[in-house]
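A.B. asks: Here our numbering is used: the first residue of the sequence shown is 15, the next is one more, and so on. Handing you this structure, nothing more for now.
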Amino acid sequence: MTKITFIGAGSLEFTTSLVRDILTFPRLQNATLALMDINAERLEFAEQAVRKIITAGHYPATVEATLNRAEALKDADVVLTTILVGSTDVWRHDIEIPKKYGVDINVGDTRGPSGIFRFLRTLPPMLDIVRDMERLCPKAVLLNYTNPMAMLCGALQRQTFIPVTGLCHSVQGTAKMLAEWIGAPFDEITYTCAGINHQAFFLKYEWNGEDAYPLIRKAITERPEIYNQEQVRNEMFLHLDYYPTESSGHNSEYNPWFRKRPDLIEKYCTHGTGWNPGEYAYILKEYQKTELTWKDRVRAELARELTPEDLKRGDEYAAYIINALMGGEPFGFNGNVPNTHLITNLPYGACVEVPVYVDKGGFHPIHVGALPPQLVALIHTNVMVEEMAIEAALTGNARLVMQACLHDPLTAAVLSMEEIKTMVKEMFVQNRAYLPQFSKIDVE
């Protein structure tokens, strides 16, 4: 019997969709699903939702819900993390303080000053989780869904013997989107995608073995409805020749080209028709809305009868990976792993997102080689920002946090060095209570 533990089970959409997927695999249908959260109300809702799936599917799985992390982790085979440190009252300042200085942020969960401070807050509880895993389930694997993905995974991978990989749905989501744009059945598409989380690129994208990039370029340049769907990403493709994985709003934060002036924000980040074109504080506003309405939505969903369609497997990687680890069919996915010469022109040991093969023997990352120079020029800068932030978090070096922000492409495009230092000081003061790893917050 497999024990699968969810830390942050109150992230209800993740928990319910992952449980639904897990239970579609015959060898996982009798699993013990251990749900843990620090919010008792959210945990109760999660337990009800999971039991509802089990009942509707007539599965022999069992559920354990607890506020005690050690209890949830004991003897686990696989642990999934979907945690968020603090409500919007805590992390709104990651976005609002940079805006005061002129750095306009869309999401702020991955990199840049906002992503760095989210990482600094989130790493201490994540380290606590892996320390507990070392004691209570030392043979388990950690599948992380928490952002900022690359920085968290990169820090954990050099601090624990627990196998850690990070999972993101942007690769398979983008691959399907591109197939739709060119009218290709997805089962006829093959691709190689690599880089870092939220900034990986499709190095190959083929339809029945033929390069599909000419068809993608034709769709983007000749069909306005497709160009408008992902304006930032489409501009990046048209100029860099390879398609990036993450949505336009996210991508607009990771480079110096789209958010450094109001006219550029208006042109590229306002009128796109995709789910997130790049509006300022988009995700913060969405979270603030759901904080007022989530209970009503959850109660309505719990009252709804599930249909066979509701129990069908989705596209997230986690369930396929767990099935493979437990002896099922091997599976290939894009995961966040240490760079052991996998991408030869990115730093050794940095957290990279590459193709990974998984079976009951564990994770087997695939060698990619060198990225094209026009891609590595951008990615390497962001990798080094992340590397500085990781070292700063592990050593308590506040000045290195400031130096990481100095090199963030968007921040550097907007602010002077002195302005960046002043902004980082303010962000440290705001986050003081959440940064136990820093004995002092002096960046001078």
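C-beta atoms are modelled at their ideal positions from N, C-alpha and C, and glycine is treated no differently.
Does the region 53 to 60 come close enough to the region 116 to 127 to have 3 or more Cβ pairs within less than 8 Å?
C.D. replies: Taking 8 Å as the limit for Cβ pairs, the verdict is that the region 116 to 127 does not touch the region 53 to 60.
A.B. asks: CB-CB under 7 Å to T102, same chain, minus the five flanking residues each way: which ones, in chain order?
C.D. replies: These residues qualify, in order along the chain: L298, Y301, Q302, E305.
A.B. asks: Below 8 Å between beta carbons: does that hold for Q417 and M402?
C.D. replies: Yes, Cβ-Cβ distance for Q417 and M402 is below 8 Å.
A.B. asks: Just grab the DSSP bridge partners of V155 for me.
C.D. replies: In the DSSP output, where bridge partners are listed per residue, V155 has V92.
A.B. asks: Going by beta-carbon coordinates alone, are E367 and G126 separated by less than 8 Å?
C.D. replies: No, the pair does not count as a contact, with Cβ atoms beyond the cut-off.
A.B. asks: In its own chain, which residues sit with a C-beta less than 7 Å from the C-beta of V33, not counting the 5 before and 5 after it?
C.D. replies: Contacts found: L47, V64, I67.
A.B. asks: Take Y294 and list the residues in its own chain whose beta-carbon comes closer than 6 Å to its own, dropping the five residues that flank it on each side.
C.D. replies: If we look at Y294 and ignore the five residues flanking it on each side, its Cβ neighbours are D118.
A.B. asks: Below 6 Å CB to CB, which residues in the same chain sit around N222 once its five sequence neighbours on both sides are set aside?
C.D. replies: E202.
A.B. asks: Select from F131, L385, V93 the residue whose C-alpha is nearest the C-alpha of I111.
C.D. replies: Minimum Cα distance to I111 is reached at F131.
A.B. asks: Using the Cα positions of L37 and L81, report the straight-line distance between them to the nearest angstrom.
C.D. replies: The straight-line gap from Cα to Cα measures roughly 23 Å.
A.B. asks: With distances taken between CB atoms, is the gap from N158 to V178 smaller than 8 Å?
C.D. replies: Contact flag set, yes.
A.B. asks: Between the Cα of I21 and those of P40, N44, I52, spot the shortest distance and give me the residue it belongs to.
C.D. replies: Closest option to I21, Cα to Cα, is I52.
A.B. asks: With contact counted as at least three CB pairs below 8 Å, one residue from each stretch, are the region 209 to 218 and the region 349 to 369 in contact?
C.D. replies: Enough Cβ pairs lie closer than 8 Å, so yes.
A.B. asks: Would Y371 pass as a contact of I380 if the rule is Cβ separation under 8 Å?
C.D. replies: Against a cut-off of 8 Å, the Cβ pair of I380 and Y371 comes out as a contact.
A.B. asks: What would DSSP say about L258, mapped onto helix, strand or coil?
C.D. replies: The displayed chain sequence assigns Pro, not Leu, to residue 258. DSSP places P258 in strand when its eight states are reduced to three.
A.B. asks: Can you check DSSP and say which residues form a bridge with A79?
C.D. replies: Bridge partners of A79: L49.
A.B. asks: Could you give the first and the last residue of the continuous alpha helix (DSSP H) run that contains V443?
C.D. replies: Segment 431 to 445, the alpha helix (DSSP H) holding V443.
A.B. asks: Would you verify that the beta carbon of G328 is, or is not, closer than 8 Å to some beta carbon of chain D?
C.D. replies: Considering every chain present, this structure includes no chain D. It has just one protein chain.
A.B. asks: So for P369, helix, strand or coil by DSSP?
C.D. replies: Here P369 sits in strand by DSSP.
A.B. asks: Restricting to runs no shorter than 4 residues, where is the alpha helix (DSSP H) found entirely within the region 308 to 392?
C.D. replies: Entirely contained in the region 308 to 392, the alpha helix (DSSP H) runs reaching 4 residues are, in chain order, 332 to 339.
A.B. asks: What do you reckon, are the CB atoms on I234 and F216 nearer than 8 Å?
C.D. replies: Contact flag unset, no.
A.B. asks: State the DSSP-derived secondary structure class of Q417, mapped to helix, strand or coil.
C.D. replies: It is helical.
A.B. asks: Can you check whether the CB of V428 is closer than 8 Å to the CB of G116?
C.D. replies: For G116 and V428, yes; Cβs fall inside 8 Å.
A.B. asks: Along the chain, where does the beta strand (DSSP E) containing E110 start, and where does it finish?
C.D. replies: Note, E110: premise wrong, no beta strand (DSSP E); alpha helix (DSSP H) at 102 to 115.
A.B. asks: If we count Cβ pairs, one from each stretch, closer than 8 Å, do we get three or more for the region 339 to 348 versus the region 310 to 327?
C.D. replies: Too few Cβ pairs lie closer than 8 Å, so no.
A.B. asks: Using a 10 Å radius around the Cβ and a threshold of 16 neighbouring Cβ atoms, would you call N290 buried or exposed?
C.D. replies: Buried.
A.B. asks: Assuming contact is defined by CB atoms lying nearer than 8 Å, are D108 and K17 in contact in what I supplied?
C.D. replies: Cβ distance not < 8 Å, so D108 and K17 don't count as in contact.
A.B. asks: Beta carbon of P177: closer than 7 Å to some heavy atom of the ligand ZN?
C.D. replies: Because no ligand of any kind appears in the structure shown, any question about the ligand ZN cannot be addressed here.
A.B. asks: Out of I196, G168, L254, K274, state which residue places its alpha-carbon closest to the alpha-carbon of R237.
C.D. replies: If we check each option's Cα against that of R237, I196 comes out closest.
A.B. asks: How big is the Cα-Cα spacing for N161 and C419?
C.D. replies: Each residue's alpha carbon lies about 18 Å from the other.
A.B. asks: When we look at the beta-carbon of D422 and count the other beta-carbons within 10 Å, is it buried (16 or more) or exposed?
C.D. replies: Label assigned to D422: buried.
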